Amino acid sequence: MADRKVTVLGAARSGMAAAELLSRSGASVFVSDAVKIDIAKQSRLDALGIGWEDCGHSEKVYDADFIVVSPGVPDSAPVMQEAFHKALPVYSEIELASWFCRGRILAISGSNGKTTTTELTGHIFRESGCRTWVCGNVGVPFSGVVSDVLERDVVVLEVSSFQLDHTKEFRPDVAVLLNITPDHLDRYEGDINLYAQSKLRMCRQQSESDVLVYNADDERLARFAKGLENQGPKGYPISISQPMDQGGFLENEELVLNINNKKETLMHVDELALRGRHNVYNSLAAAVAARVMEVRSDVVRESLRTFEGVPHRLEPVREVEGVRYVNDSKATNVNAVWYALESFKEPIIWIAGGRDKGNDYAALQPLVQNRVRSMITIGEASQALQTELGHHVDDSVRAEDLEEAIKLAQLLARPGDIVLLSPACVSFDQFDSYEHRGDVFRQLVSNL
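Under this note's numbering, the first residue of the sequence shown is numbered 20, with each subsequent residue one higher.
(1) With the cut-off set at 8 Å, would you say V174 and G122 are in Cβ contact?
(2) Nearest CA to the CA of Y358: which residue from Q402, M35, P442?
(3) So L40 and G34 are supposed to be a Cβ contact under 8 Å. How far apart are they, rounded?
(4) Got a sec, what are the start and stop residues for the beta strand (DSSP E) F49 sits in?
(5) Please report the straight-line C-alpha distance between G474 and N277, rounded to a whole angstrom.
(6) Between which two residues does the alpha helix (DSSP H) carrying F144 extend?
(7) Return the first residue and the last residue of the alpha helix (DSSP H) that M99 is part of.
(8) My output table needs one value for F447: the three-state DSSP class, helix, strand or coil.
(9) With DSSP as the reference, label I259 as helix, strand or coil.
(10) Among T406, A235, Y300, G251, which one has its Cα closest to the Cα of R220?
(11) Quick check on the burial criterion: 16 or more other C-beta atoms within 10 angstroms. Buried or exposed for S226?
(12) Quick check: what's the CA-CA separation for E138 versus L183?
(13) Going by DSSP, which residues form a beta bridge with D236?
(14) Let me check one thing: in DSSP terms, what residues is V468 bridge-paired to?
(15) Pull up the distance between the alpha-carbon of A432 and that of V178, whole angstroms please.
(16) Do L383 and V353 have their C-beta atoms closer together than 8 Å?
(17) With DSSP run on the structure shown, which of helix, strand or coil describes S287?
(18) Return helix, strand or coil for A126, following the three-state DSSP convention.
(19) Would you mind working out which of S362, V109, G68 sits nearest Q334, comparing C-alpha positions?
(20) Indicate the three-state DSSP secondary structure (helix, strand or coil) for F460 in the structure shown.
(21) So, for I86: in the same chain, excluding its five sequence neighbours on each side, which residues have a beta-carbon less than 8 Å away from its beta-carbon?
(22) Do you know offhand how far D499's Cα is from A371's?
(23) Measure the beta-carbon distance from I437 to L421 and round it to whole angstroms, keeping in mind my assumption that it falls under 8 Å.
(24) D33 lies in the alpha helix (DSSP H); which residues open and close that run?
(25) Is G373 near C444, with beta carbons less than 8 Å apart?
(26) Does the beta-carbon of H104 have 16 or more other beta-carbons within 10 angstroms, so that it is buried, or is it exposed?
(27) Please name the residue or residues paired with W152 in a DSSP beta bridge.
(28) Compute the Euclidean distance between the alpha carbons of V98 and H76, then round it to the nearest angstrom.
(29) For the alpha helix (DSSP H) that F268 lies in, which residues bound it at each end?
(30) Taking the continuous beta strand (DSSP E) assigned at V353, which residues delimit it?
(31) Out of curiosity, what's the CA-to-CA distance linking T325 and H142?
(32) By DSSP's criteria, W71 is part of a beta bridge. Which residues make up the other side?
(33) Are V336 and R223 touching if we call contact CB-CB under 8 Å?
(34) First and last residue of the alpha helix (DSSP H) that includes N301?
(35) Below 8 Å on the Cβ atoms is my contact criterion, and I expect R23 with D82 to pass it. Report the Cβ-Cβ distance as a whole number of Å.
(36) DSSP three-state label for F243, please.
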């Protein structure tokens, strides 16, 4: 990177990590952000001798050999449109980090379940004794750890569609694709095919020596994998509806693995630490990925039993007067909520809403009708949710904010009920992030 001039767009976590990695590698780096860069980050950039600007983008952005773009900057942004017009190469932060990675990369993506599966897979590898780095879209940016990764290490990398949009040579040793359902369509012109193509970029550069673990029950992924037969990565499908000659599947409620023609029964679903049918997929994906990378079966089995789950994903918070409160703030789309509602047999008081990102709430109608007794909506999507689903529940009310929603839920709930925050929307109308929204929910519930 010596003597290369690089602009980093965005000074959030991944942008800062990319800038520091580039600076350490000898590049001349300039950071540009459309909003204010906080004082601590300014001081850090100054200490590293990295130039920066905030509250807008100047022509200096384009005085570069290439641009590294943060995932929060859409292609539709004027600064990106101008970069395309000038034919400047644009790369994502994970693409950049992958150039420096000496260890094996196990990358995980999907519309739903990727954080849980990433953390679960990381747990398995740690329990195996392997030095493991869990990073990417969850926790620490890839660029922030890659300099410390050794050849014998495993990087378990959660990858979002936004992070994949500007990958060119990114090639994980093992790619895991969980599902593709409508999500973030506001960034993809409302076209699920464009969104799917973004996800599928993860395995476009893979070769015959690499592995693709994919959900064979997802029609779009199954078609894509079939097109890779006899070329590209070796496919290991997972399914809970049919046996697989290779990969992982559910048989008589037992998780069964068939890796390189060696069939083994791993465990019963009731032994899994994670509840819900969607978590059977997540557990199968993690198990297959670990086994193809030669983690012992007994380690995989015990890890699936002992995993403690992910914050803000079906996270039990507290029981008050016989009512259980569950934080599922990470459920920012319809499919994630579908999985959440499907996980409970008890009557649900459902808190939903936030900023809509092109959701089709009608898909939830059967589950709402069967599982939800009361619905409380908040945020910008409140009216849309009420219009689409309000007439399918006994009680349907709007709340001004999350605090009022919890007070209403407490009034509506009966002993044995579940109060479930599972928004189906992003948080940015009232909160900084889904984590912030979940933290507020926890605090409010702890005050009851």
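Positions of the beta carbon are idealized from the N, C-alpha and C atoms, including for glycine.
Because the structure is a prediction, the values reported are computed rather than measured.
Looking at the coordinates:
(1) Here residue 174 is taken as the residue at index 155 of the sequence shown, counted from 1. Here residue 122 is taken as the residue at index 103 of the sequence shown, counted from 1. Taking 8 Å as the Cβ cut-off, V174 and G122 qualify as a contacting pair.
(2) On the sequence shown, position 339 is the one that residue 358 refers to. That would be P442, whose Cα lies nearest to the Cα of Y358.
(3) In the sequence shown, residue 40 corresponds to position 21, counting from 1. In the sequence shown, residue 34 corresponds to position 15, counting from 1. Going by Cβ atoms, the distance from L40 to G34 rounds to 11 Å, so no, they are not a contact pair.
(4) Taking the first residue of the sequence shown as 1, we reach residue 49 at position 30. For F49, the enclosing beta strand (DSSP E) covers residues 47 to 51.
(5) Because the chain here runs from 20 to 467, residue 474 falls outside it and cannot be looked at.
(6) Reading the sequence shown from its first residue, position 125 is the one you call residue 144. For F144, the uninterrupted alpha helix (DSSP H) segment begins and ends at 133 to 146.
(7) Working through the sequence shown from its first residue, we reach residue 99 at position 80. It spans 97 to 104 - the alpha helix (DSSP H) in which M99 sits, taken as one unbroken run.
(8) The residue given as residue 447 occupies position 428 in the sequence shown. If DSSP states are grouped into helix, strand and coil, F447 belongs with coil.
(9) The residue labelled residue 259 in the question sits at position 240 within the sequence shown. The three-state reading of DSSP puts I259 in coil, since its state is none of H, G, I, E or B.
(10) Your numbering for residue 220 matches position 201 in the sequence shown. In terms of CA proximity to R220, G251 leads the group T406, A235, Y300, G251.
(11) Along the sequence shown, read from residue 1 onward, the residue named residue 226 stands at position 207. Burial call: exposed.
(12) What you label residue 138 is simply residue 119 of the sequence shown in a count that begins at 1. What you label residue 183 is simply residue 164 of the sequence shown in a count that begins at 1. Cα-Cα distance, rounded: 20 Å.
(13) Position 217 of the sequence shown, counted from the start, is the residue given in the question as residue 236. Per DSSP, D236 has no beta-bridge partner at all.
(14) Beyond the ends of the chain as shown, which are 20 and 467, falls residue 468; an answer cannot be given.
(15) Reading the sequence shown from its first residue, position 413 is the one you call residue 432. Reading the sequence shown from its first residue, position 159 is the one you call residue 178. Distance between the alpha carbons of A432 and V178 is about 38 Å.
(16) Taking the sequence shown and counting its residues from 1, the one referred to as residue 383 is at position 364. Taking the sequence shown and counting its residues from 1, the one referred to as residue 353 is at position 334. Yes, Cβ-Cβ distance for L383 and V353 is below 8 Å.
(17) Mapped onto the sequence shown, residue 287 falls at position 268. Per the sequence presented here, residue 287 reads as His, with Ser not at that position. Strand.
(18) Position 107 of the sequence shown holds residue 126. Three-state result, A126: strand.
(19) Here residue 334 is taken as the residue at index 315 of the sequence shown, counted from 1. The displayed chain sequence assigns Glu, not Gln, to residue 334. Checked all of S362, V109, G68; the closest Cα to E334 is S362.
(20) What you label residue 460 is simply residue 441 of the sequence shown in a count that begins at 1. In this structure, F460 counts as helix in the three-state DSSP scheme.
(21) Counted from its first residue, the sequence shown places residue 86 at position 67. Excluding residues within five positions, the ones whose Cβ falls inside 8 Å are V25, T26, V27, L28, V80, A102, L107, P108, V109, Y110.
(22) This structure leaves residue 499 out entirely; the chain is present only between 20 and 467.
(23) Within the sequence shown, numbered from 1, the residue matching residue 437 stands at position 418. Within the sequence shown, numbered from 1, the residue matching residue 421 stands at position 402. The pair is not a contact, with the Cβ atoms about 17 Å apart (cut-off 8 Å).
(24) Here residue 33 corresponds to residue number 14 of the sequence shown, with the count starting at 1. The sequence shown places Ser at residue 33, not Asp. S33: member of the alpha helix (DSSP H) spanning 32 to 43, first to last residue.
(25) Indexing the sequence shown from 1 puts residue 373 at position 354. Indexing the sequence shown from 1 puts residue 444 at position 425. Taking the C-beta atoms as reference points, C444 is found nearer than 8 Å to G373.
(26) Here the question's residue 104 lines up with position 85 in the sequence shown. Taking a 10 Å sphere around the C-beta of H104, we find fewer than 16 other C-beta atoms and assign the residue as exposed.
(27) Along the sequence shown, read from residue 1 onward, the residue named residue 152 stands at position 133. Partner(s): V174.
(28) In the sequence shown, the residue the question calls residue 98 occupies position 79. In the sequence shown, the residue the question calls residue 76 occupies position 57. Between the alpha carbons of V98 and H76 lies a gap of roughly 7 Å.
(29) What you label residue 268 is simply residue 249 of the sequence shown in a count that begins at 1. From DSSP, F268 is part of no alpha helix (DSSP H) but of the beta strand (DSSP E) over 266 to 270.
(30) Here residue 353 corresponds to residue number 334 of the sequence shown, with the count starting at 1. Where V353 is concerned, there is no enclosing beta strand (DSSP E), although the alpha helix (DSSP H) it sits in stretches over 353 to 361.
(31) Locating residue 325 in the sequence shown gives position 306, counting from the first residue. Locating residue 142 in the sequence shown gives position 123, counting from the first residue. Between T325 and H142, the alpha-carbon positions lie close to 9 Å from each other.
(32) Within the sequence shown, the letter at position 52 stands for residue 71. In the DSSP assignment, the residues bridged to W71 are V50.
(33) Reading the sequence shown from its first residue, position 317 is the one you call residue 336. Reading the sequence shown from its first residue, position 204 is the one you call residue 223. Cβ atoms of V336 and R223: not closer than 8 Å.
(34) Numbered from its first residue, the sequence shown carries residue 301 at position 282. Membership of N301 in the alpha helix (DSSP H) is indicated by the continuous run 296 to 311.
(35) Here residue 23 corresponds to residue number 4 of the sequence shown, with the count starting at 1. Here residue 82 corresponds to residue number 63 of the sequence shown, with the count starting at 1. So it is not a contact: roughly 12 Å between Cβ atoms.
(36) Within the sequence shown, the letter at position 224 stands for residue 243. F243 falls in the helix class under three-state DSSP.
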